[in-house]
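Residue 153 in numbering that gives the first Met the number 0 sits at position 154 of the sequence shown, with consecutive numbering throughout. Ideal Cβ positions, reconstructed from N, Cα and C, are used throughout, including at glycine. Just so we're clear, the structure is a prediction, and the values are computed from it rather than from any experiment.
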Amino acid sequence: MTTRNGKIVPEETTTVGPDDVIEIRQVRHYDMNVIRKPARTVYATPDPVYVKTVMFDVNGQLEHRVEHFDAEGFIRYIEEAFVQSVVGGGVLRAGEPVVIGLSGGRDSVALLKLMERTRDRIPHVPMTSVTITGLPDWEEPATFAAARASAAELGIDQAIVTASDIERIFKMRRPFVEAMNSVVSGDNRHLNMVVGHQVLRRMLENHAVETGAHTVAFGFNGDDLVASMVTWIMSGYRMGGIPVREIGGMRYIFPLYRITKKELMLYLELVAPELNRQGAPGRFTTGPQDRSMAYAMADHLYGLWPGVDYYLFESFANMQRYMFPFVEQKCRVCEGVYILQEGVQNPPDLCDVCEFFGAQGFS
């Protein structure tokens, strides 16, 4: 609570004059030095390129453990974190075919580069990468070239899904790009990412079914997944597990869940800078303002509680054990399986995206 010259004032609108007497009283007692001056143990190295900080909570006592990495040490750290993530969490199963979503963006390219460089340390799995086209953002030349190059370097097949494939699965009567142009330019622009992500997911699933695979790998990084948990907490909607979720007989895996966006970008810059030159996000890959808020909250959490992802993901995994079982529904149009949400009225057997396409006359 703040007073200026003995009078209570709001902090947000108060200007301070040169002779004003300002008094600030803390209304809730907690030790602010926990945030301002945390206990630290630093493991330094000459010429670092990255500093990793994780906050440890031991019997209520907090300590920031800080490690400096030079270029070689950072590469080793990221690759070790990746190996432990996919092996320790049972993310990859030996011999189980995996379909990998390969947009050509830094995350999916980094995933393939990590799998290439650690292939002798992770379970061997037959892999197919799938690149989905149909929108200008998804076909940006530098991004598409990075997708092709990373698949070739790993020595795996790359399948290309086109707009006609999307229109067939979603039974569209008008071109997909026309539908998405209508979304981003109209009152439904907030659905841009919802529709786009569901289309991407459904096309990966479809390719998996056609090739006999039951595992789909996404390149979401730690920041993405922490932001999704912010949205989950604020909405109350049901969300599957991290780093593995099973819906409709399909396994969805997130091999990069222990690695942040910045770490992936730095890793690519050090091991394959030619794959780190993608174009800027376009109108079809820019979400609504609440998405930006979720990412900002995730960044603040990482700043206040370094290593918060370790705590959140373990906590969320524990919560999955006592949550009510999911109730699944299969869309009668695109045949995608989705989770019914309590308190949300949906038409029977129709996912949100197909309902939207139908209401707008696109399918």
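Find out if the Cβ-Cβ distance for the pair Ala216, Ile99 is shorter than 8 Å.
Result yes, Cβ atoms of Ala216 and Ile99 sit closer than 8 Å.
Using alpha carbons as the reference points, say which of Gln25, Gln319, Val343 and Gly286 lies closest to Val183.
Gly286
Apart from the five residues on each side of it in sequence, which residues of its chain come closer than 8 Å, Cβ to Cβ, to Leu303?
Ile34
State buried or exposed for Glu341, treating a residue as buried only when at least 16 other CB atoms are found within 10 Å of its CB.
exposed
Could you check which residue in Ile7, Tyr49, Met171 and Thr132 has the C-alpha nearest to that of Gly75?
The sequence shown places Arg at residue 75, rather than the Gly named in the question. When only C-alpha atoms are compared, the closest one is Tyr49.
Quick one, which of Ser227, Arg331 and Asp46 has its alpha-carbon nearest Phe253's?
Ser227
Along the chain, which unbroken stretches of the beta strand (DSSP E) at least 3 residues long are found entirely within the stretch 280-305?
Runs of the beta strand (DSSP E) inside the stretch 280-305: none found.
Return the first residue and the last residue of the beta strand (DSSP E) that Val215 is part of.
Thr214 to Ala216
Buried or exposed, going by whether 16 or more other CB atoms sit within 10 Å of the CB of Thr214?
buried
Alpha carbon to alpha carbon, what distance is there between Thr52 and Pro305?
When only Cα atoms are considered, Pro305 and Thr52 end up about 6 Å apart.
Could you check whether Leu269 and Phe219 sit closer than 8 Å to each other, using their CB atoms as the reference points?
Not in contact: Phe219 and Leu269 (Cβ atoms no closer than 8 Å).
Locate the beta strand (DSSP E) running through Ile99, then write down its first and last residues.
Val97 to Gly100
Run through the DSSP bridge pairs and tell me what Gln60 is partnered with.
Val57
Using the DSSP secondary-structure output, state which residues sit across from Ser128 in a beta bridge.
Answer is Ile99 and Gln157.
From what residue to what residue does the alpha helix (DSSP H) around Tyr266 run?
Lys260 to Val270
Any idea what DSSP makes of Phe219, helix, strand or coil?
In the three-state reduction of the DSSP assignment, Phe219 falls in the coil class.
Starting from Met249 and walking both ways along the beta strand (DSSP E), at which residues does that stretch end?
Met249 to Ile252
Tell me which residues share the same chain as Phe312 and place their Cβ nearer than 6 Å to its Cβ, disregarding the 5 neighbours each side in the sequence.
Ile241
Shortest alpha-carbon distance to Val225 belongs to which of Met296, Phe73, Ile21 and Arg105?
Met296
Since Arg244 sits in a beta bridge, which residues does DSSP pair it with?
Tyr251
Would you say Ala158 and His196 are within 8 Å of each other, going by their C-beta atoms?
no
Going by beta-carbon coordinates alone, are Leu101 and Leu111 separated by less than 8 Å?
yes
Who pairs with Phe68 in a beta bridge, going by DSSP?
Tyr49
Check the C-beta distance from Asp391 over to Thr44 and give it rounded, since I have them as a contact under 8 Å.
With the chain represented from 0 up to 362, any question about residue 391 goes unanswered, as that position is not in the structure.
Within the same chain, show all residues whose beta-carbon is closer than 7 Å to that of Pro346, passing over the 5 residues directly before and after it, in chain order.
Glu354
What runs of the beta strand (DSSP E), each 3 residues or longer, lie entirely inside the stretch 176-236?
Entirely contained in the stretch 176-236, the beta strand (DSSP E) runs reaching 3 residues are, in chain order, 214-216.
Rounded to whole angstroms, what's the CA-CA distance from Cys333 to Arg201? Just pull it up for me.
8 Å
Label Leu274 either buried or exposed according to how many other C-beta atoms from any shown protein chain fall within 10 Å of its C-beta, with 16 as the threshold for buried.
buried
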